[in-house]
Amino acid sequence: MSMFQIFNVSGSAVSAQSQRLNTVASNLANVDTVAGPDGTAYKARQVVFQTELMGARQAQRPMGTGIGPMDPATEGVVGAAGVRVSTVVEDNSPGRRVHDPKNPSADADGYVTYSNVNAVEEMVNMISASRSYQNNIEVMNTAKSLLQKTLQMGQS
692 MSMFQIFNVS GSAVSAQSQR LNTVASNLAN VDTVAGPDGT AYKARQVVFQ TELMGARQAQ
752 RPMGTGIGPM DPATEGVVGA AGVRVSTVVE DNSPGRRVHD PKNPSADADG YVTYSNVNAV
812 EEMVNMISAS RSYQNNIEVM NTAKSLLQKT LQMGQS
């Protein structure tokens, strides 16, 4: 794998985690929203990641090369695997129902339906996405530093 491929892999992760952070922000912004006029409350959203192969495929090894067999799942793959957002799904669990008959959004039985967002889970998602984002930025900074040191070796 080329040193430059590192930027593609880490860049894909940074982009995916950025979208995850945006989704978490939307969820947290709607933690205490109530059902609208149509009777449905905001539903929490989750980002689904998918592996994205980066690089070309090579022909399979010729027989009799003296090299053992490869794992069939990775045979012929050159390069690395990045990540991409495949979809954003809604959580279909029911929202919180709170008995508050004085609330103007209450239904005929006096219940108000809030979103199904769990603030604690969203904070954990935010910390996880933030750390992953930071880690991939650090990978890119390390690769940049190594490339600069390689170039400096030629100047000596």
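So for the sequence shown, the working numbering puts the first residue at 692; every next one is plus one. Quick reminder that beta carbons are idealized off the backbone N, C-alpha and C, glycines included. Every value quoted in this text rests on a predicted model; they were computed, and no experiment measured them.
Between V827 and V705, which are expected to be in contact by the criterion C-beta below 8 angstroms, what is the C-beta distance as a whole number of angstroms?
-> Stepping through the sequence shown from its first residue, residue 827 is reached at position 136. Stepping through the sequence shown from its first residue, residue 705 is reached at position 14. Note that residue 827 is Asn in the sequence shown, not Val. 5 angstroms between Cβ atoms; contact.
In terms of residue numbering, what span does the alpha helix (DSSP H) encompassing R787 cover?
-> Numbered from 1 along the sequence shown, position 96 holds the residue referred to as residue 787. R787 -> no alpha helix (DSSP H), and no H or E assigned at all.
Where G767 falls, given that 16 or more other Cβ within 10 Å makes a residue buried = Within the sequence shown, the letter at position 76 stands for residue 767. Confidence in G767 is poor, its pLDDT being 49 and thus under 50, which makes the residue's placement unreliable; the coordinate value appears in the next sentence. It is exposed - the Cβ of G767 has fewer than 16 other Cβ atoms within 10 Å.
Quick one: Cα of T731 to Cα of Q696, how far?
-> What you label residue 731 is simply residue 40 of the sequence shown in a count that begins at 1. What you label residue 696 is simply residue 5 of the sequence shown in a count that begins at 1. Whole-angstrom Cα-Cα distance: 45 angstroms.
Of all the options A834, D723, T742, which has the alpha carbon lying nearest to the alpha carbon of Y733?
-> Translated into the one-based positions of the sequence shown, residue 733 becomes position 42. With distances taken between Cα atoms, Y733 lies closest to D723.
Opposing strand residues paired with F740 [DSSP bridges] = Position 49 of the sequence shown, counted from the start, is the residue given in the question as residue 740. According to DSSP, which records beta bridges pairwise, F740 is partnered with V776.
Best match in S819, V700, M831 for proximity to Q741 [C-alpha to C-alpha] = The sequence position of residue 741 within the sequence shown is 50, counting from 1. It is V700.
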